[in-house]
Amino acid sequence: MRTHSFRSGLLLLFCLTILTSGLSASELSNPAVATILQEQCLKCHGEKKTSGRLDLRTLESMLQGGKRGPALIPGNVGESRLLQLVRPGAKPHMPPGNKQLSADQIAQLETWVAALPPNKAHVVSDKPQSEASSKASQATGDPAEIETSRLILPSGVDPTLAIDLFVSSRWRDKAVTVAERCDDATFARRVYLDLTGRIPTVEQLNGFCADTNSDKRRQLVDRLIASELYASHLADVFDVVLLGRRGDRSLQERQQHGWRDYLENSFATNRPWDRMAREMVLARVSDDTDVRAGWFLYERKNNYQEIAEAVSPNLFGIRIECAQCHDHPLAAEIEQRHYWGLVAFFNRGKNQNTKAGPRVVESAVGGFQKFTDLGGDAFDASLTYFASATIEEAQPEEGAEQKDSDDNYRGAEAESRMDEPRVPRFSRRQLFADEILSAHPLVAKAFVNRIWAMLIGRGIVHPVDRMDSTNPPSHPELLEWLSEDFRQHGFDVKRLIRSIVNSRCYQLNSIPPSPQALPADFTYGLAKPLTAESYLNSIYLALTDQACTNQSLMNQFRSDFPHVFPEEWTATLTQALLMTNNPAMNGLFASEQARTIDALQEMTDAKTQVEFAFWKLFGRQPDAEEMMAATGYLEQRNGTPAAIRQLLWAMIGSAEFRINH
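Per this note's numbering, the sequence shown starts with residue 16, numbered consecutively.
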C-alpha cells in the first residue's frame, strides 16, 4: 500500500482528508526537551552556576558530564544518569526539593535520549583551539559528533558520487534497510515539483517515461535547471525564506522596487550565493553589487533587531533571538554579545527615498549602544558576531556629542554617483561584508543545508535555521565536504542542486523500508508539503493545462499556506475551508478553463477516465481498490460532469496531491 495514496472511499469526506494529512517525525533535537531543561535544570546547571561541574546547556556538555560522569548515554534510557535522577523516588533526586517532573516530561526526555544514535562516539580534541574556532565547530559539527567509521574523500570527486558514498557509508554503519529506486513517473513528478514548482503535463510525463536513454534522468534535470520556471520557482521559495509572508502590499512593493526581478535574474544567471548575500547586506550601488538586493534590509524599516534576527538564520543558519537578553540557554556558544554585535553592524542604516530610488543610507557616526545581562551588568555593544573576530572601533567618550562631516565619507565615489547616497569611510556594513560574511564557515554550510532540506525533505542539520550545538548534523562529513565543494566552485547554486537531485538518496521511493526507518537516515523519499505557489500552480495545471492566472486566489493561498520550511506540518481548518468554500476555487472546477473535465467527458468508459485522472494528477495508475471505488462512483452517477468534478476535487484535496513524494 502506498504511504500517501489517494483513497477513493473518501471522495465526499474531503475535510477529513485534508485535516488528517499532516506528518510528524521523531527528532534528535526536541523543542519540548529544550523547554524542560531550561525551566527545570539550567538554574543550577547552566550559565550562572554548574553544580557538580555539570553543564546541561549543550549535548556536548551533557556527554562530557560532571563529577559523577556523563549525564546521558545516547540511545540508552536505563543507564542515562539524567533520567535516573528525575524519576520519582530517586536518591538523590532532581530537581531538588519537592519538585517532580511530570510523567509526560519524563517520557519526552526518555524518547529524546532513546533517539540519540548510540553508534556515535563523542570526541573531545586534546589539541588547543582558539575560542572562535572551538565555538564554530560546536555549531558546524566539525569535531562535535563523528561517525564510528569515518569516510574521507578528497576534493575534486564528483559531488553526486560523494553524496552517494557518504550516505551509503552511514547506511552500512547502521545496518539499515534502504528503499528501492523510484520509478520514472515518480521521479518526473518529484523533480518537476522541486525544480519548477509544478507537476509535469501528461505530454511531459509520457515523453519522459517513453524515453529509452539510460541517462534521461540527468538530461531532464539539466533541462529543468535551464528553464525559466526554475528561476521563478526558486525566487518564490527564497522570497519567503528571506523576507517572509507579509501580505499583498509587500508583494507589490517587492515587484515594484525590483526585488522579485533580482531574485529571478540571480537564479537564472546562476549568481553565486556569496555574492547575493554580500549584496543584501551592503544594500548599495557599486561596481560589483546590484542595489535591488538592498530591499532585504529596506523592507524591515530601520528595525535593527529584526534585521539581525533575519541575517543570522538566513545567511548563517543560526537563530540568535534567544541571546537578546542573555547567552543562549542551550547553545552556550551563542552569546549575548553576538546578538548585539550583529545589531551594531546595521544600526547606522536608515531608509531613505532618494532620487535614485529607495535606499538604505548609512551614517558615519552614532549607533553606539549598551546591553544589559540578567545580572544587571552593562556592556558596550562591539562589532562582533558568532565565531568571528571583533572589529575595533573607537568609542566616543561618554556624554560626548558626535559631529558628522563630509570628511567621514568617500568623496570621489559620492561625486561620481550624484544621485546615490554617500558611503562612510568607516562603513560598518562594508566591514561586516568583508570581515565577517566573506570568510565565515557557516555561510556555505547554511545554504547547502537549506538546499538539501528543500530537495530531500529534511536538512542534514534539522531544523535548517538552528545549526548550533544542540542540533548536530546527521551526516557531519557529508555536510563538511559539500560545503567545501560549494566554496571551491564559487558558490555555484545550479551545480549544488544538480548534484543532489542526481544522487541515489534523492531518487529513492517514498515507502519507508521498515517500521524503524528514521527520516535522518535518508533511506526513503521524504514527504515535502508543496508551497502555496507550487500547490495552486499544480492545481491549475491539473485542471486547465496552464499555470494560475488568478492573482487574488494566489494571494489567498499564500496567506493560508504560508510555510516553506516547516519543522513539522499539518493541514489546518483554514486551508480546508479555502479548498471547500472559496468561490474562486469552486468556480475553477466549473469554468471553461477546466479542460481536463472536458477531456474526461469525451472518454468512453469510467476505467479509462480514472486511469487518465490518476496519471495526470498523481503520475501513477490506480491500484485495484482505488479503481473499484472511483469507477463505481462515476458509474453510479452515469459519468456526469458533476461526478467528474467531484472525483478531481477529492484527488486534488488529498494528501497525495498536496505533497511532493
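Glycine included, C-beta positions come from ideal geometry on N, C-alpha and C. As the structure is a prediction and not an experimental result, all values here were calculated from the model.
- Task: Note the first and the last residue of the continuous alpha helix (DSSP H) segment covering Thr211.
- Result: Run containing Thr211: Asp199 to Thr211, per the alpha helix (DSSP H) assignment.
- Query: From Gly602 to Asp480, what does the alpha carbon distance come to, in whole angstroms?
  - Reply: If I take the Cα positions, the gap works out to 39 Å.
- Output yes or no for whether 9 Å exceeds the beta carbon distance between His459 and Val375. Checking the sequence shown, residue 459 turns out to be Ala, not His. For Ala459 and Val375, no; Cβs fall outside 9 Å.
- Cutoff 8 Å; reference Trp186; Cβ partners in own chain excluding five residues on either side: The answer, listed in chain order, is Val193, Asp536 and Thr538.
- Output the boundary residues of the beta strand (DSSP E) element that contains Arg473. Per DSSP, Arg473 belongs to no beta strand (DSSP E) and is neither H nor E.
- Query: Where do the N-terminal and C-terminal ends of the beta strand (DSSP E) with Arg374 fall, by residue?
  - Reply: It spans Gly372 to Glu377 - the beta strand (DSSP E) in which Arg374 sits, taken as one unbroken run.
- Message: When you compare the CB positions of Phe311 and Gln522, do they come within less than 9 Å of one another, or not?
- Response: At the C-beta level, Phe311 and Gln522 stay beyond 9 Å of one another.
- Task: Give the C-beta separation of Asp209 and Asn675 to the nearest angstrom, bearing in mind that I take them to be a contact with Cβ-Cβ under 8 Å.
- Result: Yes, Asp209 and Asn675 are in contact; Cβ-Cβ is about 7 Å, under 8 Å.
- Task: Measure the CB-CB distance between Ala379 and Phe441 and report whether it falls below 9 Å.
- Result: Judged by their CB atoms, Ala379 and Phe441 are nearer to each other than the 9 Å cut-off.
- Item | Phe386, enclosing beta strand (DSSP E) - first and last residue | Per DSSP, the continuous beta strand (DSSP E) segment holding Phe386 begins and ends at Lys385 to Thr387.
- Which of helix, strand or coil does DSSP assign to His60? In the structure shown, the three-state DSSP call for His60 is strand.
- Message: Starting from Lys365, trace the beta strand (DSSP E) in both directions and tell me its first and last residue.
- Response: Lys365 -> beta strand (DSSP E) spans Gly364 to Thr369.
- Taking three-plus beta-carbon pairs below 8 Å as touching, is the stretch 406–426 in contact with the stretch 336–346? Contact between the stretch 406–426 and the stretch 336–346 is absent, because fewer than three Cβ pairs lie under 8 Å.
- Message: Within 10 Å of its beta-carbon, does Ile167 have 16 or more other beta-carbons around it, so buried, or fewer, so exposed?
- Response: Around the CB of Ile167, fewer than 16 other CB atoms lie within 10 Å, so the residue is classed as exposed.
- Item | Straight-line gap, Pro656 to Thr623 (C-alpha atoms, nearest Å) | Going from the Cα of Pro656 to the Cα of Thr623 covers about 15 Å.
- Determine, using beta carbons only, whether Met594 and Gly668 come nearer to each other than 9 Å. Yes, they are a contact pair.
- Item | C-alpha distance - Thr1 paired with Pro478, whole-angstrom precision | In the structure as shown, the chain begins at 16 and stops at 676. Residue 1 is therefore absent and cannot be evaluated.
- Taking all protein chains shown into account, do 16 or more other C-beta atoms lie within 10 angstroms of the C-beta of Ile659, making it buried, or fewer, making it exposed? Counting Cβ neighbours within 10 Å, Ile659 comes out buried, since at least 16 surround it.
- Looking at C-alpha atoms only, which residue of Gly81, Arg205 and Asp198 is the closest neighbour of Met469? Cα-wise, what sits closest to Met469 is Arg205.
- By Cβ distance below 7 Å, which residues in the same chain neighbour Tyr277 in space, the five residues on each side in sequence not counted? Within the same chain, Tyr277 has close Cβ partners Asp305, Arg307 and Ala308.
- Query: Helix or strand or just coil, what does DSSP make of Ala194?
  - Reply: DSSP places Ala194 in coil when its eight states are reduced to three.
- Task: Evaluate Ser484 with the Cβ neighbour count: other Cβ atoms within 10 Å of its Cβ, from every protein chain shown; 16 or more gives buried, anything less gives exposed.
- Result: So Ser484 counts as buried.
- beta strand (DSSP E) segment containing Ala393, residue limits: That run of the beta strand (DSSP E) goes Ala393 to Asp395.
- Terminal residues of the continuous alpha helix (DSSP H) containing Ser403? Looking at the DSSP string, Ser403 is not in any alpha helix (DSSP H), and its letter there is neither H nor E.
- Give the straight-line distance between the Cα atoms of Gln561 and Arg213, rounded to the nearest whole angstrom. Distance between the alpha carbons of Gln561 and Arg213 is about 10 Å.
- Message: Along the chain, where does the alpha helix (DSSP H) containing Leu116 start, and where does it finish?
- Response: The continuous stretches of alpha helix (DSSP H) do not include Leu116, and DSSP gives it neither H nor E.
- DSSP puts Asn653 in a beta bridge; with which residues? Answer by DSSP bridge pairing: none, since Asn653 is not bridged.
- Once you ignore the five residues that flank Asn565 on each side, which residues in its own chain have a CB closer than 7 Å to its CB? Same-chain partners within the cutoff: Ala599.
- Task: Classify Tyr550 as helix, strand or coil using the three-state DSSP reduction.
- Result: In the structure shown, Tyr550 adopts helical secondary structure according to DSSP, grouped into three states.
- Query: When the Cβ atoms of the stretch 233–249 are set against those of the stretch 570–588, are three or more pairs found closer than 8 Å?
  - Reply: No: fewer than three Cβ pairs fall under 8 Å.
- Query: Buried or exposed: Gln417, going by 16 or more other Cβ atoms within 10 Å of its Cβ?
  - Reply: By the neighbour-count rule (16 or more Cβ atoms within 10 Å), Gln417 is not buried but exposed.
- Query: For the alpha helix (DSSP H) that contains Cys224, what are its first and last residues?
  - Reply: Run containing Cys224: Val217 to Ala225, per the alpha helix (DSSP H) assignment.
- Query: Would DSSP call Leu257 helix, strand or coil?
  - Reply: Three-state result, Leu257: helix.
- Which full runs of the alpha helix (DSSP H) of 4+ residues lie inside the stretch 261–349, going along the chain? Runs of the alpha helix (DSSP H) lying entirely within the stretch 261–349, each at least 4 residues long, are 263–271, 274–283, 288–297, 310–313 and 319–331 in chain order.
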